[in-house]
Amino acid sequence: MFEYAPAPESRDIVDIRPSYGLFINGEWVEPQGEERHKTINPATEEVLAEIGWASETDVDRAVQAARKAFTTWSALPGAERAKYIFRIARIIQERSRELAVLESLDNGKPIRESRDVDLPLVAAHFFYYAGWADKLAYAGLGVDPRPLGVAGQVIPWNFPLLMLAWKIAPALACGNTVVLKPAETTPLTALAFAEICRQADLPPGVVNIVTGAGATGAALVAHPGVDKVAFTGSTEVGRQIARTLAGTRKKLTLELGGKAANIVFEDAALDQAVEGIVNGIFFNQGHVCCAGSRLLVQESIAGDLLEALKRRLATLRLGDPLDKNTDIGAINSAAQLAKIRELSAAGESEGAERWSPPCPLPDRGFWFPPTVFTGVAQSHRIAREEIFGPVLSVLTFRTPAEAVEKANNTPYGLSAGVWTEKGSLMLWTASRLRAGVVWSNTFNRFDPASPFGGYKESGYGREGGRHGLEAYLDWNHR
């Protein structure tokens, strides 16, 4: 294997303040409470900044600002709203290198992924929904669809800026205003986005950013001034939100956990499938709700596929997220690392065989090597529970019907992948999988024009595409 010299991206392009407040009504304000917490670089445990956490009073201020701004923002012609959203998209493109470095520092993902995947998709979502802003009457949602009001949005730590784009872009295009809470471990790109809103001259109050942990999110979700809630995160928290909103007039979309099956049939192109498996589970350290964490491989090729997969995993480079050669970055937090270790230990204790390539781990930071479990039974925890880390469980099947039965044997239903050269087998399988997204001979492909969302305990509602407008519009008004 080739030895790669370090190729680190410079940190100098990023200017991180020592401390941050809240972004409310177009201004930086200090939180009413005194609670402040540090956000750290998970690769080094270095403190990056001190973040003020919003109280219920702060959340109320943000919602009131959004409510006041809604009157004028919703009255703007769609073409005028589009100008602001286009401007935001262009500024994101112009500052993409800075934002990619900031994302990798705060989240731990490799700069190659932040730079080449996350940031292009972030800009693309704003461009896409800017194009919809003056065409809402042609979205198939009624001849005069109207905005809902104030959208309360809570996003996770695995794709901080991308999840922000998925939620804010359609909300603004439809004429809503926003109060967004980023994850407590990854607030920095959301706070940088607040500066972008000012740079784009977005009217005050249209976008508000309140930082904090679960209590801040709960206050936002329950606030009576919020008309629409959008949440991406764990199924457990999604259930709590659904209970909170039951019986209210608020609209809700949930994009929750997953335990996706990546199905490889015996006629699949082996090397192509191996790359898809690696991308499916080790992309972003497995911190992906739609990660292909269960590999279902046909028995006749299981040996050859596993041999090829292990060869490929031995070439992955784990280390500094800012090194352009890095394939596997840091786990986002100590808490998440503990969860991955706990479930991996459970896999071994239940009888599965664990394998990882030779992979020295840095002394500081939160790290976990790419790991493959074979001999996995469907009753094992690693086959049932979302690990949210670089851990792959391998199961085998003999017939297409058995593959579908095993793939659907999960409470989740977010995504799946199918690898075969036969179009008829692909369509037969995809039509029987209970998953919101099914990828054909690829995995983890996203496009702003394509809807994304799940079934069962993976949530409901769709984000992306024309379907993503539906959650932010009232098309049944009288």
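Going by the numbering used here, the first residue of the sequence shown is number 33, and it counts up by one from there.
C-beta: ideal position from N, C-alpha, C; glycine also.
All values reported here derive from a predicted model rather than from experimental measurement.
Q. For the candidate residues F484, T276, G421, G324, whose alpha-carbon lies nearest to that of A370?
A. Counting from one through the sequence shown, the residue named residue 370 turns up at place 338. Selected option, being the one with the closest Cα: G421.
(Q) Can you give me the C-alpha to C-alpha distance between K70 and I241, rounded to a whole angstrom? (A) As a first step, residue 70 is located in the sequence shown; it is residue number 38 there, counting from the start. As a first step, residue 241 is located in the sequence shown; it is residue number 209 there, counting from the start. The straight-line gap from Cα to Cα measures roughly 17 Å.
Q: Take D90 and list the residues in its own chain whose beta-carbon comes closer than 7 Å to its own, dropping the five residues that flank it on each side.
A: For the purposes of this step, residue 90 is identified with residue 58 of the sequence shown, where counting begins at 1. Contacts found: L54, P63, Q64, V242.
Q: Assign E90 to one of three DSSP states: helix, strand, or coil.
A: Position 58 of the sequence shown, counting from 1, holds the residue named residue 90. One detail in the question is off: residue 90 reads as Asp in this sequence, not Glu. D90: helix per DSSP, three-state reduction.
Q.
Starting from G163, trace the alpha helix (DSSP H) in both directions and tell me its first and last residue.
A. Here residue 163 is taken as the residue at index 131 of the sequence shown, counted from 1. G163 -> alpha helix (DSSP H) spans 151-164.
Q) So, do the stretch 466-476 and the stretch 310-327 have three or more beta carbon pairs nearer to each other than 8 Å? A) yes
Q) Which one or two residues does DSSP pair with G351 in a beta bridge? A) Working through the sequence shown from its first residue, we reach residue 351 at position 319. G351 pairs with nothing; no bridge assigned.
Q. Thinking just about the alpha-carbon of each residue, which of I309, P179, P40, G485 is nearest to the one in F263?
A. On the sequence shown, residue 263 is found 231 positions in, with the first residue counted as 1. It is G485 whose Cα lies nearest to the Cα of F263.
Q. So, is E145 buried or exposed, given that buried needs 16 or more other C-beta atoms within 10 angstroms?
A. Position 113 of the sequence shown, counting from 1, holds the residue named residue 145. Buried, since its Cβ has 16 or more Cβ neighbours within 10 Å.
(Q) What does DSSP give as the partner residue(s) for T264 in the beta ladder? (A) Looking up residue 264 in the sequence shown gives position 232. According to DSSP, T264 bridges with E287.
Q: For V95, I'd like the list of residues in its chain whose CB is within less than 7 Å of its CB, leaving aside the five on either flank, ordered along the chain.
A: To locate residue 95, count along the sequence shown from 1; it is residue 63. Once the five neighbours on either side are set aside, the close Cβ partners of V95 are V182, V211, H255, G257, V258.
Q | Nearest candidate by alpha-carbon position, reference L328, set G397, P443, T461 | A | For the purposes of this step, residue 328 is identified with residue 296 of the sequence shown, where counting begins at 1. Considering only alpha carbons, the answer is T461.
Q: Give the C-beta separation of A292 and L427 to the nearest angstrom, bearing in mind that I take them to be a contact with Cβ-Cβ under 8 Å.
A: Here residue 292 is taken as the residue at index 260 of the sequence shown, counted from 1. Here residue 427 is taken as the residue at index 395 of the sequence shown, counted from 1. Their Cβ separation, rounded to whole angstroms, is 13 Å, which puts A292 and L427 out of contact at 8 Å.
Q.
Quick check: the Cα distance between I333 and E298, rounded to an integer number of angstroms?
A. As a working note, residue 333 is residue 301 in the sequence shown. As a working note, residue 298 is residue 266 in the sequence shown. Each residue's Cα considered, the two are about 6 Å apart.
**Q.** Chain-order list of residues whose beta-carbon lies under 8 Å from that of G163 (same chain, five-residue window excluded)
**A.** Taking the sequence shown and counting its residues from 1, one reaches residue 163 at position 131. Correct list, in chain order: A114.
Q. Counting along the chain, where does the beta strand (DSSP E) carrying W198 start and finish?
A. Translated into positions along the sequence shown, residue 198 becomes position 166. Looking at the DSSP string, W198 is not in any beta strand (DSSP E); the run it does join, the alpha helix (DSSP H), is 192-205.
**Q.** contact_flag[the stretch 123-133, the stretch 142-162] where n(CB pairs < 8 Å) is 3 or more
**A.** yes
Q.
Considering only their Cβ atoms, is the gap separating P38 from P353 smaller than 9 Å?
A. Within the sequence shown, the letter at position 321 stands for residue 353. Within the sequence shown, the letter at position 6 stands for residue 38. Not closer than 9 Å, so no.
Q: Please work out which residues of its chain come closer than 7 Å, Cβ to Cβ, to R510, disregarding the five sequence neighbours upstream and downstream, and give them in chain order.
A: Position 478 of the sequence shown, counting from 1, holds the residue named residue 510. Low local confidence applies: a pLDDT of 48 at R510 is under 50, so the model's placement there is unreliable, and no value is given.
Q) Between E126 and R396, is the Cβ-Cβ spacing less than 9 Å? A) Mapped onto the sequence shown, residue 126 falls at position 94. Mapped onto the sequence shown, residue 396 falls at position 364. Going by C-beta atoms, E126 is not nearer than 9 Å to R396.
Q. Distance, Cα to Cα, V186 vs W198?
A. Looking up residue 186 in the sequence shown gives position 154. Looking up residue 198 in the sequence shown gives position 166. The straight-line gap from Cα to Cα measures roughly 11 Å.
Q) Any contact of the stretch 369-389 with the stretch 400-407, i.e. 3+ C-beta pairs under 8 Å? A) yes
Q. Which word fits E135, buried or exposed, when buried means at least 16 other C-beta atoms lie within 10 angstroms of its C-beta?
A. Here residue 135 is taken as the residue at index 103 of the sequence shown, counted from 1. Per the 10 Å Cβ criterion, buried.
Q) Candidates L277, F102, W85, K438: which alpha carbon is nearest V253's? A) The sequence position of residue 253 within the sequence shown is 221, counting from 1. Cα-wise, what sits closest to V253 is L277.
Q.
Measuring only the C-alpha atoms, how far is M458 from L424?
A. Here residue 458 refers to the residue found at position 426 when the sequence shown is read from its first residue. Here residue 424 refers to the residue found at position 392 when the sequence shown is read from its first residue. The alpha-carbon atoms of M458 and L424 are separated by roughly 23 Å.
Q: Give, in chain order, every unbroken run of the beta strand (DSSP E) that is at least 3 residues long and sits entirely within the stretch 210-239.
A: none
Q. Is the number of C-beta pairs between the stretch 99-107 and the stretch 279-289 that are closer than 8 Å three or more?
A. no
Q: Might you give, ordered along the chain, the residues of its own chain that have their beta carbon closer than 8 Å to the beta carbon of F118, omitting 5 neighbours on each side?
A: Taking the sequence shown and counting its residues from 1, one reaches residue 118 at position 86. The answer, listed in chain order, is F158, F159, A162.
**Q.** Unbroken alpha helix (DSSP H) run spanning I313, endpoints
**A.** Taking the sequence shown and counting its residues from 1, the one referred to as residue 313 is at position 281. 302-314 is the extent of the alpha helix (DSSP H) around I313.
Q: Please list, in chain order, all residues of the same chain as G351 whose beta carbon is under 6 Å from its beta carbon, the five residues on each side excluded.
A: Here residue 351 corresponds to residue number 319 of the sequence shown, with the count starting at 1. Cβ within range, chain order: T358.
Q. DSSP puts Y492 in a beta bridge; with which residues?
A. Your numbering for residue 492 matches position 460 in the sequence shown. For Y492, which the question treats as bridged, DSSP gives the partners L286.
(Q) Rounded to whole angstroms, what is the Cα-Cα separation between E418 and E67? (A) Here residue 418 refers to the residue found at position 386 of the sequence shown. Here residue 67 refers to the residue found at position 35 of the sequence shown. Near 31 Å, if we compare the C-alpha coordinates of E67 and E418.
Q: Going by CA-CA distance only, name the one from D303, H319, P40 that's closest to K342.
A: If you number the sequence shown from 1, residue 342 lands on position 310. Minimum Cα distance to K342 is reached at D303.
Q.
Assuming contact is defined by CB atoms lying nearer than 9 Å, are W85 and E216 in contact in what I supplied?
A. Here residue 85 is taken as the residue at index 53 of the sequence shown, counted from 1. Here residue 216 is taken as the residue at index 184 of the sequence shown, counted from 1. Taking 9 Å as the Cβ cut-off, W85 and E216 qualify as a contacting pair.
**Q.** N73: first and last residue of the uninterrupted beta strand (DSSP E) it sits in
**A.** For this step, residue 73 is matched to residue 41 along the sequence shown. Residues 68-73.
**Q.** Neighbour-count burial assignment, P443, 16 or more Cβ in a 10 Å radius
**A.** For the purposes of this step, residue 443 is identified with residue 411 of the sequence shown, where counting begins at 1. Per the 10 Å Cβ criterion, exposed.
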